[in-house]
Structure formats: C-alpha cells, structure tokens
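Single-structure report; data block below.
There are 2 protein chains.
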Amino acid sequence: MPKISEARRSERREQILAGARRAFARHGYEGATVAHLEQETGLSRGAIFNYFPDKWAIFYALAELDHARIGTVWLEEGFAAVLRLMTSENADWLGVYFELSRKLRTNPKLREQWERRNPELDERLMARFEELQAQGELRADLPAETVGRFLGIVLDGVGVAVSAGYPVDAEPLLDLVNAATAPQ
Amino acid sequence: MPKISEARRSERREQILAGARRAFARHGYEGATVAHLEQETGLSRGAIFNYFPDKWAIFYALAELDHARIGTVWLEEGFAAVLRLMTSENADWLGVYFELSRKLRTNPKLREQWERRNPELDERLMARFEELQAQGELRADLPAETVGRFLGIVLDGVGVAVSAGYPVDAEPLLDLVNAATAPQ
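Residue numbers (the numbering used here), protein chains in the order written: chain A, 1 to 184; chain B, 1001 to 1184.
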C-alpha cells in the first residue's frame, strides 16, 4: 500500500483549507454544503473528511490560522498593522465569523475550544501590553486587560463595518485609538 | 362588515412586532419560520401578513424602532447612555443583526432601505456632533463624521461582544472613548 508522505499530507491539508475558505466566504458557514466543499477544494468528501472530522473542524482550523496571524502581526508590528489588516480583510470571509456568534455563545464545548485557539500567543500579547505600560507607551491607569479589550472591540467593530460593505479608513481611526490608549 | 378601529390595528401591529422580536431572537432571522412567528405572536399567518408584506418587512420595522430608540437616547442623553444601553441589550436579539450583514451588503435594494431608516434623526445627530465640536466638547481636528463613525464602530464592537456572550463593562470603555474624542 503506497504511503502518502508527510509533505504530501501537509499539501493536501492546505488545499482543503484554501478551498473551504472560499466555500465558507461564498455561502456562509451554515450555507456551505459538503458539495460546495468538494467543488472548491477539488477533492471528494472522502478525501476531505480523511483530514478533518467534520465541517466545524475545518472552519476551526481556519479561525485558528487567522487568530495566529493577527496575534503575530500584533506582537511584531503593533496594533496599527492589525487594524490595517482588518480594514483590508475580505468582506465575505469576515461575515462568516459574525454568523457564528450565536453558535459560539450557546455551545459551551465549542466556546471553550474557541477561547483556547492560541493561548500562548494571547499570553504573550498580554505581557506585551504590560511591557508597553511599564515603558510609558500605553496608559497604565487602566488594567492592561481593559485596554486590550477596548482594542479588540474596535477591531470587531471594524470587522462588522467591512463585512457589511462599508470601507473603513484606518488612519483617522488610528488617531482616535491612539488618543484613547496613550498615557493620560 | 365590522371595521377594525385605528387603535385596534395599532395594538395588533405592536403584538406582531413583540412576538416577532422573540421569534427572531430565539431562532435567528433565517431560522424563524412562519410557524414560529404564529407561535410567538399568537396570531395566524393570515393576520400577520395582513399587517406586513413579508418576514423582511417585520424585521425591518423592528430595526427601524431600535434605530430610532438609539438615536433618540443619543440626542437626549449622550453617547454614554447609548453605550450602556448596548451593553445591556439582549444577546440573542443582537445576534440577529450580525447574521444579516451579508444580506445587507449584497442586496442593493435592501441596503438602500436600511440606510434610510430614520434619515432626519441621523441628520440631527450629525448636527449635534458639530455643535459639540463648536462648543469645544468634542475634538474638532477630525470631521464630525469621522468621530461619529468611530463611535459607531465602538458600538458595533460592543454588540459583537454582547452577542457572543462576553459581558462588557461600560465604565472603563467610556473612559477610553472619552479620551479618544475629547479635544486634543
């Protein structure tokens, strides 16, 4: 029996994720059928579900990648780079996230998994906020977590605007956010 | 033929809207069937669709009411009151809005209707921002529209958090928003 190499498996996985991202963006999470996944990945359902147990696992893998990408940009380039990334995100794809809020709120198991997408990255980010506070670059009269929460709320709000088809100009928004988070 | 009084018609309309709000909150917009609407309103489909042409018209009437309520609170009590309102909003109901972003983005007719829910209220709000700028209570180095847009983004971000089941503490958030929008 021929053995599929690790490289080949990894390549297949990438192919499934890229196709599934298109399928979800096009049809929404609930709307994306197995036939749509087959169509966009160019693979049979047998091949797809050989790599992922179910549709949720595929979406979760994509959300984990997005979360890691955003966290890494935030750590390495700062909030401005993350905000710019969000304003240029694909509207169809962003919409899939907002479609899922009810599911995540009402299913405790999914929710727990969701909150621990990349825990070590979240910890590094919180440590970074505290470092910026200590350096006098971020207001320290509020807990780092509160400031981080505010930045997350702004990012979500931008996501809503972009997914609803309203382009956001990142620069004046950054001006406002900087005024909010600078030492007072 | 008995004539239904204006007061009775108005009462029926209220009954339909209250029941439909529960149905949408419970099942989502797409998930709410005509049977759900009948169940929650206590009226037959014939009676319901005697008052509204279709499901969208019922949801739109509710969104128009919400928009008017938020705009009025904003004008009369200021942004802090609106933000507190948003943090105490029902998570299920808020989720319905985010479920609809794709529909609103991709259907130009609905989108146009959506943007003109209460145009005179939006105009009064913009005039209020300009007044606050002239009085030195709101930063004037950015256009009033840009500052208003930022506040809308924060409200949407809070809505996302609440609808995903993460309570938002309004007070520290107001502190950050005030720092962002105060004259610099």
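Beta carbons: idealized from backbone N, C-alpha and C, even for Gly.
Where residue i falls, given that 16 or more other Cβ within 10 Å makes a residue buried
i         : result
Val177/A  : buried
Ala23/A   : buried
Ser1163/B : buried
Ala1144/B : buried
Lys1003/B : exposed
Arg1021/B : buried
Thr1106/B : exposed
Arg149/A  : buried
Ala57/A   : exposed
Ala1161/B : buried
CA nearest to the CA of residue i, picked from the options
i         : options                                    : result
Glu1030/B : Leu1085/B, Leu1083/B, Ser1101/B, Ser1088/B : Ser1101/B
Ala1127/B : Val1160/B, Leu1075/B, Glu1011/B, Gln1184/B : Leu1075/B
Val1147/B : Gly159/A, Leu132/A, Glu171/A, Glu120/A     : Glu171/A
Glu64/A   : Arg8/A, Tyr97/A, Thr181/A, Asn107/A        : Tyr97/A
Met1086/B : Ala1007/B, Tyr1166/B, Pro1183/B            : Tyr1166/B
Ala1091/B : Gln1133/B, Asp1156/B, Leu1173/B            : Asp1156/B
Leu1132/B : Phe1049/B, Thr1181/B, Leu1110/B            : Thr1181/B
His67/A   : Gly152/A, Ala161/A, Lys109/A               : Gly152/A
Leu1173/B : Asp141/A, Gly46/A, Glu123/A                : Asp141/A
Ala47/A   : Arg8/A, Gly28/A, Glu89/A                   : Arg8/A
Val1154/B : Ala1134/B, Glu1112/B, Ala1080/B            : Ala1080/B
Residue i versus residue j - alpha carbon distance
i         : j         : result
Gly1136/B : Leu1125/B : 17 Å
Arg26/A   : Ala18/A   : 13 Å
Asn118/A  : Glu1099/B : 26 Å
Gly1078/B : Thr33/A   : 46 Å
Leu94/A   : Gly1159/B : 16 Å
Val129/A  : Gln184/A  : The question names Val, but residue 129/A in the sequence shown is Phe. Phe129/A and Gln184/A: Cα-Cα distance of roughly 16 Å.
Arg139/A  : Leu83/A   : 19 Å
Gln1039/B : Ser10/A   : 50 Å
Pro1108/B : Glu6/A    : 47 Å
Leu1043/B : Pro1053/B : 15 Å
Ile1070/B : Lys55/A   : 38 Å
Arg116/A  : Arg1116/B : 41 Å
Asp1175/B : Asp175/A  : 16 Å
Glu123/A  : Gly28/A   : 31 Å
Ala1179/B : Asp1169/B : 17 Å
Glu89/A   : Leu37/A   : 22 Å
Ala1134/B : Glu112/A  : 48 Å
Coil, strand or helix - residue i by DSSP
i         : result
Val168/A  : coil
Gly28/A   : coil
Thr181/A  : helix
Lys109/A  : helix
Gly1152/B : helix
Arg117/A  : coil
Ile1004/B : coil
Phe1129/B : helix
Glu1011/B : helix
Asp122/A  : helix
Gly78/A   : coil
Ala63/A   : helix
Ala140/A  : coil
Gln39/A   : helix
Phe98/A   : helix
Ser88/A   : coil
Ser1163/B : helix
Leu52/A   : It should be pointed out that residue 52/A corresponds to Phe in this sequence rather than to Leu. In the structure shown, Phe52/A sits in coil (DSSP, three-state: anything other than H, G, I, E or B).
Thr1033/B : coil
Chain-order list of residues whose beta-carbon lies under 6 Å from that of residue i (same chain, five-residue window excluded)
i         : result
Tyr1051/B : Arg1013, Ile1016
Tyr60/A   : none
Neighbourhood of residue i by C-beta distance below 8 Å, restricted to the same chain and skipping five residues each side
i        : result
Thr977/B : One cannot answer for residue 977/B here, as it falls past the ends of chain B, which runs 1001 to 1184.
Trp114/A : Tyr60, Ala63, Leu104
Leu110/A : Trp56, Lys103, Leu104
Arg45/A  : Val34, Leu37, Glu38
7 Å CB neighbourhood of residue i in its chain, flanking five on each side removed
i       : result
Thr41/A : Gln15, Ile16, Gly19, Ala20, Ile48
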